[in-house]
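Below: one structure, written as structure tokens.
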Amino acid sequence: MTSSSDLQHYRNYSQYFVQALKVRRLIAQDFDKVWSSGIDVLLTPTTLTDAPRYSEFILRDNREQCASQDYCTQPANMAGMRSQKLAR
Numbered sequence: 263m264t265s266s267s268d269l270q271h272y273r274n275y276s277q278y279f280v281q282a283l284k285v286r287r288l289i290a291q292d293f294d295k296v297w298s299s300g301i302d303v304l305l306t307p308t309t310l311t312d313a314p315r316y317s318e319f320i321l322r323d324n325r326e327q328c329a330s331q332d333y334c335t336q337p338a339n340m341a342g343m344r345s346q347k348l349a350r
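Residue numbers (our numbering): 263 to 350.
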């Protein structure tokens, strides 16, 4: 006999985790198309802005910080790809 928490866990797994895997696969396929077209290196910025001042940083929660600071690195991270940051 399964409990209601087991059923809820299965629903969450199906609704969120499986969907996330599908999205990850689609992102990875996009990168595979780029690599198979003859592109060897993809250069992108790491962030869109300079690092915020501490007084600005503490005004936003972690989710907001990640949304703005990790915007350029999310596609490669979500596809499970390796990346390299080069200092300027």
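Here a beta-carbon is modelled for each residue, glycine too, at the ideal position from N, C-alpha and C.
In the displayed model, K347 falls within coil according to three-state DSSP, outside both helix and strand. Contact between Q331 and T306 is ruled out by a C-beta separation of about 14 Å, above the 8 Å threshold. Counting along the chain, the unbroken alpha helix (DSSP H) around A329 starts and ends at 324 to 331.
With a cut-off of 8 Å on Cβ pairs, the stretch 317 to 330 is not in contact with the stretch 272 to 285, counting fewer than three such pairs. Residue state for P307 is assigned as coil, using DSSP reduced to three classes.
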